[in-house]
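According to our numbering, the residues represented by the sequence shown are 23 to 201, in order.
Just so it is clear, CB atoms sit at the ideal spot from N, CA and C, and this is done for glycine as well.
First comes the structure, then the notes that go with it.
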Amino acid sequence: GSVDVPVIYMTAYSDDETLKRAKLAEPSGYLVKPYQDKELRAAVEVALHNGNLERERSRVGEALRAREGLLQEIVDKTPSIITLKNNEGQYLLVNKEFENAFQMSRERVKGKTDIELFSTELAEALRINDARFVPEGGPIELEIAIPQSNGPPTNPHHKCHFREPPGAPNPRRTRPTGR
23 GSVDVPVIYM
33 TAYSDDETLK
43 RAKLAEPSGY
53 LVKPYQDKEL
63 RAAVEVALHN
73 GNLERERSRV
83 GEALRAREGL
93 LQEIVDKTPS
103 IITLKNNEGQ
113 YLLVNKEFEN
123 AFQMSRERVK
133 GKTDIELFST
143 ELAEALRIND
153 ARFVPEGGPI
163 ELEIAIPQSN
173 GPPTNPHHKC
183 HFREPPGAPN
193 PRRTRPTGR
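Structure follows, in structure tokens:
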């Protein structure tokens, strides 16, 4: 494995080209000679502190991804269609039963609304039902026939609203890159 060691550049050069090249290496600090011992000590302490913060962020991110994977595995093993939408109606999560019923991958669905995925008629019916269950807060059963490409329409459809925490990420802005 690799060793995570902070790097602090110490140089007599501070011209734009040298700074530009140094930034490409993403150093933990940059000191221009002559420097004083207290400046070096401060730079080292900040670099070590930031390195610890970055390792902690990485650890928390890995734990979060593991929990998201566990949640996805749980909903994928459920025989019912499960979806999770944010307050704007964008899909945050769908399970395999949804993917199979509608022949849409979760990657295609994530961050999209019903109007972007379904016919206008079905999207409007889903929007009306979404608006109905949000104020009720608890689980409700809806009588809505949702056409599926691989069989008869689903009916009934169960929904439950969970309040989105303030500042929750918008999937349109947080879509993974490289896929």
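- When beta bridges are read from the DSSP output, residue 32 appears opposite 53.
- For a cut-off of 8 Å, the C-beta gap from residue 55 to residue 32 is around 6 Å, short enough to register as a contact.
- Close CB contacts of residue 137 within its chain, under the 7 Å cut and outside five residues either way in sequence, are with 145 (chain order).
- Within the segment 115–143, no run of beta strand (DSSP E) at least 3 residues long lies entirely inside it.
- In terms of Cβ geometry, residue 28 and residue 62 do not form a close pair [threshold 8 Å].
- In terms of CA proximity to residue 109, 153 leads the group 153, 58, 43, 42.
- Beta-carbon to beta-carbon, residue 119 and residue 128 are separated by about 11 Å, too far to satisfy the 8 Å threshold.
- In the three-state DSSP reduction, residue 105 falls in the strand class (E or B).
- Between residue 30 and residue 66, the CB-CB gap stays under 8 Å.
- By the CB criterion at 8 Å, residue 134 and residue 113 fall inside the cutoff.
- One thing to note: residue 57 has its Cβ no nearer than 8 Å to the Cβ of residue 44.
- Each of 92, 124, 86, 88 was checked against the Cα of residue 102, and the nearest Cα belongs to 124.
- According to the DSSP assignment, residue 91 belongs to the alpha helix (DSSP H) that extends over 59–98.
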